[in-house]
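One structure is given here, and the rest of the page talks about it.
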Amino acid sequence: MIRYDLDGEVATLTFDRPEKRNALTLDGLREFREALDRGAEEARAVVLRGAGEAFCAGDDIASVAGLGEEVAPATLATRLYDALFGPEQVEVPVIAAVDGPAYGGGFEVVAAADLAVATADATFALPEATIGAYPPYAVARVGEACGRKRLLELALTGDPIDAETARSWGLCNRVVDADDPDALNDAVAGLTESVCSVPAPSVALVKRYVRAATADADERARLVEGFSTVADEPECRAAAERFLSE
4 MIRYDLDGEV ATLTFDRPEK RNALTLDGLR EFREALDRGA EEARAVVLRG
54 AGEAFCAGDD IASVAGLGEE VAPATLATRL YDALFGPEQV EVPVIAAVDG
104 PAYGGGFEVV AAADLAVATA DATFALPEAT IGAYPPYAVA RVGEACGRKR
154 LLELALTGDP IDAETARSWG LCNRVVDADD PDALNDAVAG LTESVCSVPA
204 PSVALVKRYV RAATADADER ARLVEGFSTV ADEPECRAAA ERFLSE
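Heads up: the sequence shown at position 28 corresponds to 31 in the numbering used here, and the numbers run straight through without jumps.
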């Protein structure tokens, strides 16, 4: 579900499952991290996009409903960690180009990206708790970026915010005209040109030190434990099953 394109110094990763609003499957999570690592080896910058009318609608909810049955909680948690924390871990700049909804895991991918540009009609939401899960990257990082109460509002209600609100909350850098078909591409191209002009060792060091200020050695273990706990809660599983039946 991940389309990889290399053009000069820029690798573009496209979530390419438009019929499902680019929802991330278990295989898609693995493919995304593999493509990120490939981009870090082959390019000076990585751009993230979504095919069709959404950036990424998050995780495939069937995976959450099947926790403990079809899918082992530790398996999903490990794939989520590797994918959602991936943009901050690779040593090249990662830029999200958001056109359409960025929900759940899609929201977290945008939050993890180093830079983000959104069209004015893009929307952002963290609905995981409403379907019996929780947003791991957002819980770990987004409170620092946008403030504790704003994160709690997003995570506990699941209500979406618009692009301008996301920009004012620190979740994206720029908002461009949704009616101008070139605006998003032009803004992203300008950013990639700028970051590619910076010496790669300097970029890698900046990213490494920024991550060191927030990351800790127990992140992965906490994520695995959290998803295992959720999988054991009948109320959480029932919420995911209700969502799938609607």
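C-beta atoms are modelled at their ideal positions from N, C-alpha and C, and glycine is treated no differently.
Start and end of the alpha helix (DSSP H) containing D40? For D40, the uninterrupted alpha helix (DSSP H) segment begins and ends at 29-45.
Three-state secondary structure (DSSP) of T217: coil
CA nearest to the CA of G55, picked from D30, D62, G103, L155: G103
Tell me whether V49 sits in a helix, a strand or coil according to DSSP, three-state version. strand
How many angstroms separate the CA atom of Y137 from the CA atom of G11? 38 Å
First and last residue of the alpha helix (DSSP H) that includes T81? 76-87
Three or more C-beta pairs under 8 Å: does that hold for the stretch 77-92 against the stretch 126-141? The stretch 77-92 makes contact with the stretch 126-141: 3 or more CB pairs, one atom from each, lie closer than 8 Å.
Would you grab the beta carbon distance between D180 and A123 for me? Rounded to a whole angstrom, and I think it's under 8 Å. 6 Å between Cβ atoms; contact.
Alpha helix (DSSP H) segment containing P104, residue limits: Element bounds for P104: not the alpha helix (DSSP H) but the beta strand (DSSP E), 104-106.
Spatial neighbours of A190 within its chain, please: C-beta separation below 7 Å, excluding the five flanking residues on both sides. Counting only Cβ-Cβ distances below 7 Å, and skipping sequence neighbours, we find V120, R177, V179.
Where F246 sits in the DSSP three-state scheme: helix
Considering only DSSP beta bridges, list what I98 is partnered with. V50, L118
So what's A57 in DSSP terms, helix, strand or just coil? Three-state result, A57: coil.
Heavy atom of the ligand GTP less than 7 Å from the Cβ of V101, yes or no? The ligand GTP is absent from the structure shown, which contains no ligand whatsoever.
Look at the Cβ atom of L32, then the Cβ atom of V74, and state whether they are nearer than 8 Å. no
Through-space distance from R240 to P76, alpha-carbon basis: 12 Å
How big is the Cα-Cα spacing for G108 and F127? 10 Å
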